[in-house]
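To start, the structure under review is shown below, and the notes come after it.
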Amino acid sequence: MNVTPISSFNYFRNNKTCEIFSEAVVTSQVSLVSNSNSSVYFISLPIDDIQLTTAVIEENTSSFTGLWYNRPMFSPCASWYPDATTFANESTIGSCTHGIFIDAYNTLYAGSYSHNLVKVWANGSSTVTRTIQGGFSELYSLFVSMNGDVYIDNGESNGQVDKWISNAMNGTRVMNISAPCFGLFIDTNNTLYCSLANLNKVLKFDLTNVSGTPVMVAGNGSSGSTSSLLHSPWGIYVDTDFTLYVADAGNNRIQCFKFGELNGTTVAGATVPGTIPLSDPSGVVLDGNGYLFIMDTGHNRIVASSSAGFRCVAGCSGHNGSTADTLYSARYMAFDTYGNIFVGDDDNGRIQKFYLQSNSCSITTVQSHTTDIV
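So this note's numbering is basically just the index in the sequence shown, starting at one, shifted up by 136.
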């Protein structure tokens, strides 16, 4: 076999295409082979295919952010297969999945409101590898820190947030609260955020100062629809610049609070022109480009923003149901490292997985010749 050296190889992250330069004329086959330090896996295509098509390479997208949770980078044309697969059914997770977290190693954590426990699937496993239970009940949310500690809402019955370290048999109280946290989040400064839907506000607590007290960062305890008020806030998300996003469910909107500001800006829902109507939104996450993915619970769908505007990406039939392409009162979602979406489909008693179908705006692609990049 004759081997022609490639003099240059470009990989374009924005549209996931490859550009190859060779000093010689290539007439038959082009191959790329990784080494131990390479981020590219083997690809082999006939030269005619290279000339006529664009090879699309799926990436381990979490590596772009450097975070311990996943913020994949999506193109404006990204799409997911409409039919999801059931990752966990009611016998495994119970009737209400409250809280889903997936780390950069694809370890999935899911809270069961009805069974009073947290199930863990380690490193992409399809079987449960750990069960956390004892001392808490009616949990609404969870979040996992960078070092793997699991923070679990225990506010309904015990007025606190608990921390479970790896392989611990019991949790420890880290934050006193007067109502359940419908959403939990830990930012890059090791600050814990809690959304108190019943009290119409969001608190934060410095985990490095155990003697400290929670500080109010959004809402003031009164229900309302002005820029400084919230009405039943559920899911929360904090960007790396400490901007806080709140799923303001009772106001059918997503509010954005810049760091240190108590007046929010509506970035989706309500009557804001150029966004999208929402009904009881209960979850909000960001992708690697800072665009929104929203659990539009009242409409039983997931919607997303991009440079092209808002669109529906899952559960787009417009009605609830139990088929593979429908959701029913789904409230929590998370990405794995490949951009697949996991959803806590509450009233169907299951966790659904929507596979990423395409992350390219290219019209002609060769999907069958691709493998993951790690």
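Glycine is no exception: its CB is placed at the ideal position from the N, C-alpha and C atoms.
_Residues bridged to Ala246 [DSSP beta-bridge criterion]_ = Here residue 246 corresponds to residue number 110 of the sequence shown, with the count starting at 1. According to DSSP, Ala246 bridges with Ile236, Lys255.
*In chain order, what residues of the same chain have a beta carbon less than 6 Å from the beta carbon of Ser359, not counting five sequence neighbours either side?*
Stepping through the sequence shown from its first residue, residue 359 is reached at position 223. Cβ within range, chain order: Asn336, His367.
*Should Asp219 be labelled buried (16 or more other beta-carbon atoms within 10 Å of its own) or exposed?*
If you number the sequence shown from 1, residue 219 lands on position 83. Answer is exposed; the Cβ neighbour count stays below 16.
*Enumerate in chain order the residues of its own chain whose CB-to-CB distance from Thr376 is below 7 Å, with the five nearest sequence positions on each side excluded.*
To locate residue 376, count along the sequence shown from 1; it is residue 240. Here Thr376 has Thr324 as same chain residues with Cβ atoms under 7 Å from its own Cβ, once five neighbours each way along the sequence are excluded.
*Ser458, buried or exposed, once every other Cβ within 10 Å from all chains shown has been counted against 16*: Within the sequence shown, the letter at position 322 stands for residue 458. A residue is called buried when at least 16 other Cβ atoms come within 10 angstroms of its Cβ; Ser458 does not meet this threshold and is exposed.
*Where does Ala214 sit, in a helix, a strand or coil, going by DSSP?*
The residue you call residue 214 lines up with position 78 of the sequence shown. Residue state, collapsed to three classes: coil.
*asked:* With DSSP as the reference, identify every bridge partner of Val439, one or two as the case may be.
replied: Walking along the sequence shown from the start, residue 439 turns up at place 303. For Val439, the beta-bridge partners assigned by DSSP are Ile430, Cys448.
*Measure the beta-carbon distance from Phe446 to Ala404 and round it to whole angstroms, keeping in mind my assumption that it falls under 8 Å.*
Taking the first residue of the sequence shown as position 1, residue 446 is located at position 310. Taking the first residue of the sequence shown as position 1, residue 404 is located at position 268. Confirmed, Cβ separation roughly 7 Å.
*Compare the beta carbon distance of Ala246 and Gly480 with 8 Å and say whether it is the shorter of the two.*
As a position in the sequence shown, residue 246 is number 110, starting the count at 1. As a position in the sequence shown, residue 480 is number 344, starting the count at 1. Yes, the pair counts as a contact, with Cβ atoms nearer than the cut-off.
_CB contact flag (Gly396, Asp416, <8 Å)_ = Within the sequence shown, numbered from 1, the residue matching residue 396 stands at position 260. Within the sequence shown, numbered from 1, the residue matching residue 416 stands at position 280. Against a cut-off of 8 Å, the Cβ pair of Asp416 and Gly396 comes out as no contact.
*Count the other C-beta atoms from every protein chain shown that fall within 10 angstroms of the C-beta of His455, then say buried if there are 16 or more, exposed otherwise.*
The count along the sequence shown starts at 1 and reaches residue 455 at position 319. Burial is judged here by how many other beta carbons sit within 10 angstroms of a residue's own beta carbon; His455 has fewer than 16 and is exposed.
*By how many angstroms is the C-alpha of Ser498 removed from the C-alpha of Ser250?*
Translated into the one-based positions of the sequence shown, residue 250 becomes position 114. Translated into the one-based positions of the sequence shown, residue 498 becomes position 362. Answer to the nearest angstrom: the Cα atoms are 45 Å apart.
*Could you have a look at Ile229 and say whether DSSP puts it in helix, strand or coil?*
Looking up residue 229 in the sequence shown gives position 93. In the three-state reduction of the DSSP assignment, Ile229 falls in the helix class, which pools H, G and I.
*asked:* Given a cut-off of 8 Å on the beta-carbon distance, is the pair Ile372 and Tyr329 in contact?
replied: Within the sequence shown, residue 372 is the residue found at index 236, counting from 1. Within the sequence shown, residue 329 is the residue found at index 193, counting from 1. In this structure, Tyr329 lies closer than 8 Å to Ile372 by Cβ.
*Which residues mark the beginning and the end of the alpha helix (DSSP H) in which Gly291 is found?*
On the sequence shown, position 155 is the one that residue 291 refers to. Segment 291-294, the alpha helix (DSSP H) holding Gly291.
*asked:* Within a Cβ cutoff of 7 Å, which residues of the same chain sit near Asp423, ignoring the five residues on either side of it in sequence?
replied: As a position in the sequence shown, residue 423 is number 287, starting the count at 1. Closer than 7 Å at the Cβ level, and outside the excluded window around Asp423, lie Arg207, Pro208, Met209, Phe210, Phe429.
*Cβ-based burial, Thr346 [other Cβ within 10 Å; buried from 16]*: The residue labelled residue 346 in the question sits at position 210 within the sequence shown. The identity of residue 346 in the sequence shown is Val, whereas the question assumes Thr. Val346 comes out exposed.
*Gly386 to Pro316, Cα distance in whole Å?*
If you number the sequence shown from 1, residue 386 lands on position 250. If you number the sequence shown from 1, residue 316 lands on position 180. Inter-residue distance for Gly386 and Pro316 is about 17 Å (C-alpha atoms, whole angstroms).
*If you scan the region 329-388 from start to end, which runs of the beta strand (DSSP E) of 3 or more residues do you find wholly inside it?*
Complete beta strand (DSSP E) runs here, min 3: 337-342, 351-354, 369-374, 380-384.
*Is the distance from the Cβ of Ile236 to the Cβ of Ala470 below 8 Å?*
In the sequence shown, the residue the question calls residue 236 occupies position 100. In the sequence shown, the residue the question calls residue 470 occupies position 334. It is a contact, given that the beta carbons lie within the stated cut-off.
*Hey, quick one: how far does the beta strand (DSSP E) through Val408 stretch, first residue to last?*
The sequence position of residue 408 within the sequence shown is 272, counting from 1. For Val408, no beta strand (DSSP E) run applies, since DSSP gives it neither H nor E.
*asked:* Taking its Cβ as the centre, do 16 or more other Cβ atoms sit within 10 Å of Ala444, making it buried, or is it exposed?
replied: Position 308 of the sequence shown holds residue 444. So Ala444 ends up on the exposed side.
*Roughly how many angstroms lie between the CA atoms of Lys489 and Ala224, to the nearest whole one?*
Residue mapping note: residue 489 aligns to position 353 of the sequence shown, counting from 1. Residue mapping note: residue 224 aligns to position 88 of the sequence shown, counting from 1. Their Cα atoms are separated by approximately 9 Å.
*Give every residue of the same chain whose Cβ lies closer than 6 Å to the Cβ of Thr221, excluding the five residues on either side of it in the sequence, and list them in chain order.*
Counted from its first residue, the sequence shown places residue 221 at position 85. The residues Lys489, in chain order, have a CB closer than 6 Å to that of Thr221 in the same chain once the five nearest residues on each side in sequence are set aside.
*asked:* Quick check on Asp481: does DSSP put it in helix, strand or coil?
replied: In the sequence shown, the residue the question calls residue 481 occupies position 345. Reduced to three states, the DSSP call for Asp481 is strand.
*Excluding sequence positions up to five away, which residues of its chain have a Cβ less than 6 Å from the Cβ of Asp384?*
Here residue 384 refers to the residue found at position 248 when the sequence shown is read from its first residue. Answer for Asp384: Leu366, Pro369, Gln391, listed in chain order.
*With Ile322 and Tyr287 assumed to form a contact (beta carbons below 8 Å), what rounded beta-carbon distance in angstroms separates them?*
Here the question's residue 322 lines up with position 186 in the sequence shown. Here the question's residue 287 lines up with position 151 in the sequence shown. Contact flag correct, Cβ pair sits at about 7 Å.
_Suppose you measure from the CA of Gln187 to the CA of Cys213; what does that come to, to the nearest Å?_
Within the sequence shown, residue 187 is the residue found at index 51, counting from 1. Within the sequence shown, residue 213 is the residue found at index 77, counting from 1. Here the model assigns Gln187 a pLDDT of 40, short of 50, so the residue's position is not dependable, and the following value carries that caveat. Between Gln187 and Cys213, the C-alpha separation is close to 23 Å.
*Using the Cα positions of Val351 and Met311, report the straight-line distance between them to the nearest angstrom.*
Stepping through the sequence shown from its first residue, residue 351 is reached at position 215. Stepping through the sequence shown from its first residue, residue 311 is reached at position 175. Near 11 Å, if we compare the C-alpha coordinates of Met311 and Val351.
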